[in-house]
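The structure under discussion appears below in the form of structure tokens.
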Amino acid sequence: MEGDPLATPGTSNGAGSRPAGQPPAYESVVMADAVSSSSLAAGRDSNYRKSSEFEITVTDPVKQGERVAAYVTYKVRSKTSMSQYKQGSSEVIRRFRDFAWLYDKLHERYKGIIIPPLPEKNAVQKYQMSTEFIEQRRRGLQIFVNRVAAHPKLKYSNELQLFLEATEDVWMMEVARMNQESGGAKKTINNTMQFFKDLGHSATNLMAGKSDDEEEDPDYLKVREYLVHLESHLIEAHRQSARLIRKQGELGIAVGEFGQAAEKLGKFEEGSLQDAFVHLGNHAGDLSTVSRDSANSLSYQFEAPLKEFTRMMKSVRAVMADRTNALSFLQQAKADLDAKRVKMNKLKSTPGIKEEKVVEAERERDQADLRLQNARAAYETIVERMNEELARFQKERAVEMSQVLRDFALAQAQLASETARSWSSLVTELQPAAPA
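Numbering follows full-length UniProt numbering, with no gaps: position 169 of the sequence shown is 169.
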């Protein structure tokens, strides 16, 4: 099996096969309009970068349970040419929390790597389990796992292989084992202790009138500021795109209602004028359908990608937070080592001090020195990875954003063309009703 280039290899897992008692087909348990909305999203799903070594689909969402206990399972089908996989193709059943586990493990093991974002949680919609919500989540999960598989480092991860290959029984056992190895309770205690250390470190910096950023690369600080502003502008662009698409859909409805009113008015006329109102109503109805279909399509091809870009920025922010924390740990380790050295030197210079106390102080100094080395290595690893990651992120974002904007422009051009063609045709049809 090929080695994981960034993390220590984990336990290999058996290839997956469809378990007994698999859920029924999607079409038999979910409303039909979700299937049609999936086809509308097909064009959108082709915009994001995919791996040449993987073909992964997330399909057949099926609701399990009722009320607060309800959840949705998905079929994850994968094909790969990577030699580390035991089979060229697999089909497994996963639910949202399994995708979330994959995300959390990747974020935990690959500090400095921008982990593709998951669809956002929405407790209200989760309990409503609307067809639209299920389809949006399915699409988001498919984008997530394909982005992971397309990443030059994450594609080798043992976590991804486990996710794609393991049967449900193997999956549950391996997840439980890996969670136990992570030491959930111990990690919580360590996080709590680190929280208080961070408070003390921040207070010390505040009293000294300094900041850890003084030790940061000035060029990185400029990039960080740029990314903060980029996120705020992306959020606003997404908000306005949603507003634009909503207004376009409302315009389509208004045109259709106007057409119906025109047809009713025409019933009180005679001859060519009555025909004119009928033609007007027909064209308005057609244009209403075109406008609403266009708005529905744009919600997948324009608004959804912009929303995904905002989620991606949250992943970027998480990486920047990891770097900030790593630098803070490094500064704390330096201060701790300095304190241990001062303590040791003070003991050595104290007349009549017991040898055991000096030995203990030397041991504490050596431990502090080791923690400093580990903190420096962790920080430098994150810095090195981020240099590559931010360049890759900007390049891929530029390509995807350009494609999204192009699709938006084409959709608007097509809508304008169909609208102009319909109104021009109506002008010709209304000629007989024009006064001589």
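We treat Cβ as the ideally placed atom computed from N, Cα and C, and that holds for glycine.
Predicted model only: the values in this text are computed from it and were never measured.
Those residues which DSSP pairs with residue i across a bridge
i, result
"residue 91", "77"
Close-in-space but distant-in-sequence residues of the same chain around residue i (CB under 7 Å, 5 per side omitted)
i, result
"residue 175", "101"
"residue 241", "302, 303 and 306"
"residue 424", "none"
"residue 429", "279"
"residue 426", "279, 280 and 283"
"residue 104", "none"
"residue 57", "77 and 142"
"residue 224", "320"
"residue 448", "Any answer about residue 448 is impossible in this case: the structure gives the chain only from 1 up to 436."
Close beta carbons around residue i, own chain, < 6 Å, minus the five adjacent residues each side
i, result
"residue 262", "277, 280 and 281"
"residue 415", "294"
"residue 59", "75"
"residue 259", "281, 284 and 285"
"residue 116", "144, 147 and 148"
"residue 319", "114"
"residue 378", "326"
"residue 393", "114"
"residue 329", "375"
"residue 235", "310"
Own chain residues within Cβ distance below 8 Å of residue i, not counting five before or after
i, result
"residue 253", "288 and 292"
"residue 53", "80, 81, 82, 149 and 155"
"residue 238", "303, 306, 307, 309 and 310"
"residue 249", "291, 292, 295 and 296"
"residue 65", "71"
"residue 73", "23, 61, 62, 64, 93, 94 and 95"
"residue 88", "79, 80 and 81"
"residue 137", "61, 72, 96 and 119"
CB contact below 8 Å: residue i versus chain C
i, result
"residue 98", "Going by chain labels, chain C is absent from the structure shown, which holds only one protein chain."
For residue i, three-class secondary structure by DSSP
i, result
"residue 268", "coil"
"residue 288", "helix"
"residue 346", "helix"
"residue 214", "helix"
"residue 247", "helix"
"residue 50", "coil"
"residue 40", "For residue 40, the predicted structure reports a pLDDT of 43, less than 50, and the residue's modelled location is therefore unreliable. A value from the coordinates is still provided. Residue state, collapsed to three classes: helix."
Is the region 372-390 touching the region 341-356 in the sense that three or more CB pairs, one from each, lie closer than 8 Å? no
Complete runs of the alpha helix (DSSP H) confined to the region 352-435 [at least 4 residues]: 355-429
Report the start-end ranges of each beta strand (DSSP E) in the UniProt domain "PX" (52-171) that is 3 residues or longer and not cut off at the edges. 54-64, 71-80 and 89-95
Inspect the CB distances between the region 308-325 and the region 354-364 and report whether three or more fall short of 8 Å. no
Are three or more beta carbon pairs between the region 364-372 and the region 333-341 nearer than 8 Å? yes
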